[in-house]
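Read the structure below first, then the notes.
There are 2 protein chains.
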Amino acid sequence: MTYCVGLLVDTGLVLLSDSRTNAGVDQISTFRKMAVFQRPDERVLVLLSAGNLAITQAAVNILHQGGAGDEAGVPPIHRAANMFEAARVVGDALREVHQRDAAFLKDQGHEFNGTFILGGQIKGEEPRLFHVYSAGNFVESSIDTPYFQMGESKYGKPIIDRVIRRSSSLAQAAKCALVSMDSTIRSNLSVGPPLDLAIVRRDEYRLATHISIDLENEYFHMIRTRWGQALQEVFSELPNPNW
Amino acid sequence: MTYCVGLLVDTGLVLLSDSRTNAGVDQISTFRKMAVFQRPDERVLVLLSAGNLAITQAAVNILHQGGAGDEAGVPPIHRAANMFEAARVVGDALREVHQRDAAFLKDQGHEFNGTFILGGQIKGEEPRLFHVYSAGNFVESSIDTPYFQMGESKYGKPIIDRVIRRSSSLAQAAKCALVSMDSTIRSNLSVGPPLDLAIVRRDEYRLATHISIDLENEYFHMIRTRWGQALQEVFSELPNPNW
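From first to last, the protein sequence lines stand for chains A and B.
Heads up: the first sequence is residues 272 to 514, going by this note's numbering.
Heads up: the second sequence is residues 272 to 514, going by this note's numbering.
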């Protein structure tokens, strides 16, 4: 399985993905699920993928291919005028894979399942965050729901619901994404490190941070240890019922 | 949907269920999902149900019916010699419903989906906790996993994994069940109050507590407010990353 989360706050975006892929518990592998499309000083886009790895890898490969016409060799996602167009380009890539593969998958009893979280900023716009579905259609995050999750999303949802607002800082958003990931990893074997974390600061048009985090990472280790301890402390401090 | 949880600790059992039943978001109703079978000073059993309400209600009705033979009129669950036998009786009731209804459900495209958590104590044994599946088979909780959940279980799983051991007190277990329920209710519309909470104290052979909890319940209100606040405080106290 997978857990990916993208958070949009006033000052930018945080995107976090795990790297565990499995086809049954005895076939677990590590694959990166984050792709970055960057044109310095002009655009930065981060794509997180979930679902059938063959489908999402094929779509990402298509996205990296140059287009035709005036800017031959420049991938369409680098030419999209805005994030809405970019989300369409991602949807189109999925549809191209669908056209090629879906019938064969269906023949063998597999659903066509590949989804993306797309976050980023293109000059002239605010940072924006989208969720692209298997059918190539998509939704955009709103002020009320400034985040999207994919994969094993339920374990790590309560903490996001409780602490993240559009006014949260990027540091808070990164911390929250990691706490949310920690809760997921602890409760679900199919989600695992290393993690890929990307931070996009508003109006910088490049990745502010792009790191790989394993269990030895000092900050994540601190989160894992102290969050667990603090939860247990808070839990013990809550009065017991008198029934 | 549903959220039910049963926790087994050294000193007894805590069982908690919500009461929301839905067939699509525009048809939401309140139904109790907890049934109690008690013979004072001899046995107490609590049954939580999830899945298709028609199936679980039918099974519970069968369980309340008297059997034949020597003890005509006494339901077989009251005659089971131990909790293993009682779990079999629950499985048999499900199988009786399956025999009557499954083909008709299948005809209309519905799966046969009804599951139970069964917790309790019968004189001569320790308290025990079982999870009975739709097929009528079942598993028993172990020292490593002293709890079972049904329904929308993922939101409320991390807190149980972090704080509950077999050595936890009954009060801690009740508090944890309510915190777990609160996280679920906040993140999932299909789970809702009133809640039914039952506490079984070891060797008492009757319910120590059996209360209905709504949002106005003083203790649950305290849990909801203070747990959320405390989480936010703990979250702010965790150092931010310096990336």
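Glycine included, C-beta positions come from ideal geometry on N, C-alpha and C.
Here the structure is a predicted model, which is why all the values come from computation and not from measurement.
Quick check: what's the CA-CA separation for residue i versus residue j?
i, j, result
"G322/A", "S405/A", "9 Å"
"A501/A", "V505/B", "7 Å"
"D453/A", "E487/A", "13 Å"
"E342/B", "D363/B", "19 Å"
"L279/B", "A357/A", "52 Å"
"S458/A", "A445/B", "20 Å"
"P346/A", "T327/B", "56 Å"
"I348/A", "P398/A", "16 Å"
"G385/A", "R366/A", "10 Å"
"I482/A", "A325/B", "51 Å"
"S438/A", "E508/B", "18 Å"
"R310/B", "R350/B", "10 Å"
"A339/B", "E396/B", "26 Å"
"G407/B", "N408/A", "42 Å"
"K428/A", "D289/B", "20 Å"
"A306/A", "R497/B", "40 Å"
"S412/B", "G391/B", "12 Å"
"L460/A", "T292/A", "11 Å"
"G344/A", "N332/A", "14 Å"
"G499/B", "T455/A", "19 Å"
"L376/B", "F302/B", "21 Å"
"Q336/B", "C447/B", "34 Å"
"R473/B", "H492/B", "28 Å"
"F383/B", "A352/A", "51 Å"
"H381/B", "L400/B", "29 Å"
"C275/A", "V317/A", "12 Å"
Would you decide whether residue i is buried or exposed? Buried here means 16 or more other CB atoms lie within 10 Å of its CB.
i, result
"R371/A", "exposed"
"F423/A", "The question names Phe, yet the displayed sequence has Glu at residue 423/A. Classification for E423/A: buried."
"G463/A", "buried"
"A374/A", "exposed"
"V410/A", "exposed"
"F308/A", "buried"
"Q420/A", "buried"
"R359/B", "buried"
"I414/B", "exposed"
"F402/B", "Per the sequence shown, residue 402/B should be read as His rather than Phe. The residue is buried, with at least 16 neighbouring Cβ atoms inside 10 Å."
Would residue i pass as a contact of residue j if the rule is Cβ separation under 8 Å?
i, j, result
"Y418/A", "G277/A", "yes"
"V315/A", "L466/A", "no"
"L334/B", "L449/B", "no"
"L319/A", "K304/A", "yes"
"M354/B", "I388/B", "no"
"L441/B", "T282/B", "yes"
"D312/A", "Y426/A", "no"
"V361/B", "A329/B", "no"
"I494/A", "L468/A", "no"
"S451/A", "I431/A", "yes"
"R433/B", "Q503/A", "yes"
"Q443/B", "N511/A", "yes"
"C480/B", "W514/A", "Per the sequence presented here, residue 480/B reads as Thr, with Cys not at that position. Cβ distance < 8 Å, so T480/B and W514/A count as in contact."
Looking at the unbroken alpha helix (DSSP H) that takes in residue i, where does it start and where does it end?
i, result
"R366/B", "M354 to D378"
"F506/B", "E489 to E508"
"V285/A", "Counting along the chain, V285/A falls outside any alpha helix (DSSP H), though it belongs to the beta strand (DSSP E) covering G283 to S288."
"V434/B", "K428 to V434"
"I348/B", "P347 to R350"
For the beta strand (DSSP E) that residue i lies in, which residues bound it at each end?
i, result
"L460/B", "First-last for L460/B: undefined, no H or E at that position."
"R314/A", "R314 to G322"
"H381/B", "Premise fails: H381/B is in no beta strand (DSSP E) and is neither H nor E."
"Q309/B", "M305 to R310"
"Q420/B", "Y418 to G422"
"A479/B", "L478 to I484"
"E411/B", "F409 to E411"
"A469/B", "L466 to R472"
"Y404/B", "Neither: Y404/B is in no beta strand (DSSP E) and is coded neither H nor E."
"T386/A", "G385 to I393"
"G277/B", "Y274 to V280"
Just checking residue i against the ligand MN - is the residue's beta carbon closer than 7 Å to any of the ligand's heavy atoms?
i, result
"A343/A", "As far as ligands go, the structure on display features none, and thus does not contain the ligand MN."
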